[in-house]
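Colleague:
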Amino acid sequence: MNDILSAAETWLSGAFGNIKLVEKAMMGLEGSYVELLTILSLGLLAVLPAIVPAQRRQRWRHLNQAFGIIIFIYVVFTCLGVFGMIRNFQRGLSEIGRENIVALYYCSVPATILVTSMLFGPAFCGWICPTGALQEWIGLLTGRWNRKRKAAGYPFSRAAFAAALGVAAIFLLWMMHLSRTRMFFVEDASIYWSEVLVLIVLLLVWNMRRWDRPLRRLRLLSFILVAAASALSLRVTSPVHLGFAKVYDPASLLSTVMVILATLVIPRVWCRYLCPWRSAIAWAGRHSVRAIVLDSAACTRCGICDGVCDVDAVTKGVIDSKECHFCMKCVDACPHRALSIQDDWRRPCA
Amino acid sequence: MRLTLFTTGVLLTAVLRTQADWSASRGSAQGTAALRWENPGALEEWHYAWKTQVRYKPGLAVWASPALALLDGRPVAFIGGFDQTLHALDLSTKRVLWRHMSNAGISAAPVTGEFQGRCIVFIASNDRTLYALDARTGTVLWTRELAPASPSLGDADFTSPLLFGGRLYVAGFVYDRALARSQQRAWLYVLDPADGRLLQRLEIGNGFVSEPVGYTAGGKTYIAIAARKGLLQSFAVDGDTPQRAWTFQMPHEVLGAPAVETGVPEPVLVLGSKYGNLIALDAATGRERWKRMAGNWFDNSACIGQLDGTNVVFAGSHDYAVYALRAADGSLLWRQPLGGEVHSAPAFFDLNGTPAVLVAALDNHLHTLDARTGRVLTSYFTGRPVWDKINKGENRWGSPVVIEAGPSTAALYGSFNATVYLLPLAAPCSLQARARSVRGLWISLGVVALAFGLTLPVLTRRT
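In the order they appear, the protein sequences are chains A and B. In this note's numbering, each number is its position in the first sequence, counted from 1, plus 604. In this note's numbering, each number is its position in the second sequence, counted from 1, plus 1268.
1. Excluding sequence positions up to five away, which residues of its chain have a Cβ less than 8 Å from the Cβ of Tyr1490 of chain B?
2. Mapping DSSP to helix, strand and coil, what is Glu1413 of chain B?
3. Spell out the partners DSSP gives Phe1346 of chain B in its beta bridges.
4. If you count every other CB in all the chains shown that lies within 10 Å of the CB of Arg1363 of chain B, and 16 or more means buried, which is it?
5. So who's on the other strand from Ala1527 of chain B, going by DSSP bridges?
6. Terminal residues of the continuous alpha helix (DSSP H) containing Met812 of chain A?
7. Note down, in chain order, each residue of its chain lying with its Cβ closer than 7 Å to the Cβ of Arg1412 of chain B, except the 5 sequence neighbours on either side.
8. Rounded to the nearest angstrom, what separates Val1477 of chain B and Trp949 of chain A at their Cα positions?
9. Using the beta-carbon of each residue, which ones in chain D are nearer than 7 Å to Phe676 of chain A?
10. Just to check my reading of the structure: Arg890 of chain A and Ser925 of chain A have Cβ atoms closer than 8 Å, yes? What is that Cβ distance to the nearest angstrom?
11. Name the one or two DSSP bridge partners that Ala1392 of chain B has.
12. Would you list the one or two residues that DSSP bridges to Tyr1490 of chain B?
13. Got a sec: is the Cβ-Cβ distance from Lys624 of chain A to anything in chain B below 7 Å?
14. So, for Lys920 of chain A: in the same chain, excluding its five sequence neighbours on each side, which residues have a beta-carbon less than 7 Å away from its beta-carbon?
15. Looking only at its chain, what residues have a beta carbon closer than 8 Å to the beta carbon of Lys1559 of chain B, apart from the 5 residues adjacent to it on each side?
16. May I ask you to list, following chain order, the residues of the stretch 1693-1720 of chain B that have a beta carbon less than 8 Å from some beta carbon of chain A?
17. Put His781 of chain A into one of helix, strand or coil per three-state DSSP.
18. Name the DSSP beta bridge partners of Ser842 of chain A, please?
19. So with CB distances below 7 Å, who are the chain A contacts of Thr1728 of chain B?
20. Strictly by DSSP, which residues pair up with Phe676 of chain A?
21. Three Cβ pairs or more, each shorter than 8 Å: is that satisfied between the stretch 745-759 of chain A and the stretch 684-700 of chain A?
22. Ile1347 of chain B and Gly1682 of chain B look like a contact to me (Cβ under 8 Å); what is the Cβ gap, rounded to whole Å?
23. Hey, out of B:Pro1526, B:Gln1384 and B:Thr1509, whose CA is closest to Arg1294 of chain B's CA?
24. How far does the beta strand (DSSP E) with Asn1579 of chain B in it reach, from first residue to last?
25. Tell me which residues share the same chain as Ser636 of chain A and place their Cβ nearer than 6 Å to its Cβ, disregarding the 5 neighbours each side in the sequence.
26. With a threshold of 7 Å between beta carbons, is Tyr796 of chain A in contact with chain B?
27. Could you give the residue range of the beta strand (DSSP E) that holds Ala886 of chain A?
28. In chain order, what residues of the same chain have a beta carbon less than 8 Å from the beta carbon of His1520 of chain B, not counting five sequence neighbours either side?
29. Going by alpha carbons, who is nearest to Pro1535 of chain B out of B:Gly1524, B:Gln1517, B:Arg1557 and B:Thr1515?
30. Are Cys934 of chain A and Val915 of chain A close, meaning C-beta to C-beta below 7 Å?
31. Does the count of Cβ pairs from the stretch 1329-1341 of chain B and the stretch 1631-1649 of chain B closer than 8 Å reach three?
32. Which residues mark the beginning and the end of the beta strand (DSSP E) in which Asn1545 of chain B is found?
33. Please list, in chain order, the chain B residues whose beta carbon lies closer than 7 Å to that of Arg876 of chain A.
34. To the nearest angstrom, how far is the alpha carbon of Asn955 of chain A from that of Cys913 of chain A?
35. Applying the 10 Å Cβ sphere with the 16-neighbour rule, what's the burial state of Ser798 of chain A?
36. Can you name the residues that DSSP bridges to Gln659 of chain A?
Given below as structure tokens:
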């Protein structure tokens, strides 16, 4: 078993250790590694959700997600992952006045995301985030099964429980292997997030109706922990972190694989319960000029919009702004056009 | 009686011998960065905390690599840094012998040598001046301004000196705002170590350059220097004037200095570069012998140690790993991932009979590795993390050195928290990391599970 795991790790090391397509900044600022094109591209991706035509909007969204993955994973060298972005934002703020180019680089992406979320809604989650896109696409494999479970109110299912146990077993075996072959430090905290993810999946499979809403509060705790670690200068690795660092990082790979496996059982499980950025983006999104608005007169309470939402943010056409990823699937799925996107510059701050 | 006194005197002289032959930035051309202490006394753990307002950035001190010497049978370290000061530390008594302040940051290691019965420390400061100081007292023996002052001069960067073939070599680059980029010049200076007389000055590029490294190949003596822009040059220094022997253009930028094999008829010269190329060249001809690729930057020098009769190249990369490759053909012996980018040059030494490698990584630890297998023997926590305050390639990072002394073997390392650590490697040490304990890892996982369980009622209550 150990040999198999070692061979797998060697393969993964080769597969993930060197996946950057761009070796040099395509539009680097003189004397720095700051890549301007990346920042501009991410800004464009953040604005696209507001300007693409309603027709074939979901295709545009998938295209946007694909570009997001290419830019984040294959071009950006500095970690802008779910944890790294909080950390780098803090670093960027501390660099203002000292190294303004570095400050610009680290602040620009999180600031763009927060500002565009305030203007155009929390579209980063639904349109750009590589971790979100990864979960959405992987979730397609078990989408039909999960939709049936959702329609039935997530009853206890032996198949789901067996799958959750399988996820837990993979986590434990992998951890046993890694604990013998690799040195772990405080910074490799993504293993703890993976552990909690596994526990969440077990708990949800056991009783989704009971635990779904309470567990979503963990996102705030996750944000606080990552922000605290950032203040202490601890480099906490996150899922998909290895994509930014151009290194084989077993802790990050483990958490990435755990997110992938867990999302097969519970759709968008990372976004729902543990993503720290989700707290910040939801806060910014609540102040958004753009919002999805329900025309109660046109709504027939058919529940189609509920069914298409991966994060259970819609209940009979009513959008929960704290949970909405602004993917606009509900808007596009509504046969009665009861849901629409409206801009309201006079909307009071929440 | 006279005979007894004479014999005692001879023996004492042998025992309390002064040994100052740290002639290159990492001790020698191989870059092993280890000094053997033949008749060791005890070396205790010491955290030399230096309080200064002159910092690289707030909260971040930068030390250059130290140099070691044995003065009267006691190991003494010389270490400079961004605080502009050279510190002489008596490691056996944990005492500061002297400090000498220059007028700018010191970004390169000093070297030591003996001349006219005196042990001398040579240090190049970024105040464009080379200093020769008495190692015992810190008295300035001579100084030489290498680049004349001018109102248009910008940042200066001077390398470690090299004592080789009775001459002192030092390279440097001073940015001149009055000149176009193509007109900027980096120079190699050749001096007389006795009095600092400038013998020659050679133009070697138009940007930052690495430390010069001296070596012998095919019966001739050479010095090699790498430019930041990747041009590696070797000069034959047998005659009066250094003659360019060969050049080699590295594929990317270079931050470290070359390391050269010794004791073989056709030695290889090894140099790493940005984006992870590690290239070995024939040291006599500059012909490429082999090339290997890591997952990320090599931003410091490699070192070459002899392992069971075979020369082995050790190098740390920003892909978190330390590599051990056979010097002859570049075949990989092992690769050991650590917890962060390996930013230091490795030190190769004997740890109580076990060949070992010491590296510093951005996981805030010094790691001792078994040189045969790559297994991590011990890790030491060396202060607050700095990963968020530095950029790759912005600086030449100080690297650890080792005093090889059997059970008293110790590492010396200037950490970014302004502390210079002397850490016993073969004896208990307070900074020994516990994070790698398997039991500790599983206990922490248990604690997280427990905390999760305890959080659940709170989450439910607040909903």
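Even for Gly, the Cβ is constructed at its ideal location relative to N, Cα and C. Model, not experiment: these values are computed from the prediction.
Modeller: Reading it off the structure:
1. Around Tyr1490 of chain B: Gly1482, Tyr1483, Thr1484, Ser1502, Phe1503, Ala1504, Val1505, Ala1513, Ala1551 and Ala1552.
2. strand
3. B:Ala1335 and B:Ala1356
4. With fewer than 16 other Cβ atoms within 10 Å, it is exposed.
5. B:Val1538
6. Met812 to Arg820
7. Thr1397, Leu1398, Leu1459, Gly1464 and Leu1466
8. 57 Å
9. Checking the listed chains, one finds no chain D in this structure; the protein chains it contains are A and B.
10. Going by Cβ atoms, the distance from Arg890 of chain A to Ser925 of chain A rounds to 5 Å, so yes, they are a contact pair.
11. B:Leu1398
12. Answer by DSSP bridge pairing, in chain order: B:Tyr1483 and B:Ala1504.
13. Because Lys624 of chain A carries a pLDDT of 49, less than 50, the predicted location of this residue cannot be relied on, and no value is offered for it.
14. Arg905, Gly907 and Asp910, listed in sequence order.
15. Asn1545, Leu1546, Ile1547, Ala1548 and Gly1598
16. Ala1701, Ala1703, Arg1704, Val1706, Leu1709, Trp1710, Ser1712, Leu1713, Val1716, Ala1717 and Phe1720
17. In the three-state scheme derived from DSSP, where H, G and I count as helix and E and B as strand, His781 of chain A is classed as helix.
18. Its beta-bridge partners do not exist; DSSP assigns none.
19. Pro818
20. DSSP, once it has assigned bridges, lists no residue as partnering Phe676 of chain A.
21. no
22. Contact flag correct, Cβ pair sits at about 5 Å.
23. B:Pro1526
24. Thr1578 to Gly1584
25. The pLDDT assigned to Ser636 of chain A is 49, lower than 50, so where the model puts this residue is not dependable, and the model offers no usable value.
26. yes
27. Segment Pro880 to Arg890 is the alpha helix (DSSP H) holding Ala886 of chain A; no beta strand (DSSP E) there.
28. Gly1498, Ser1541, Lys1542, Tyr1543 and Asn1545
29. B:Arg1557
30. no
31. No, they do not touch.
32. Asn1545 to Asp1550
33. Neighbours of Arg876 of chain A on chain B: none; closest Cβ ~13 Å, over 7 Å.
34. What is shown of chain A runs 605 to 954, which leaves residue 955 of chain A out entirely.
35. buried
36. In DSSP, Gln659 of chain A forms no bridge with anything.
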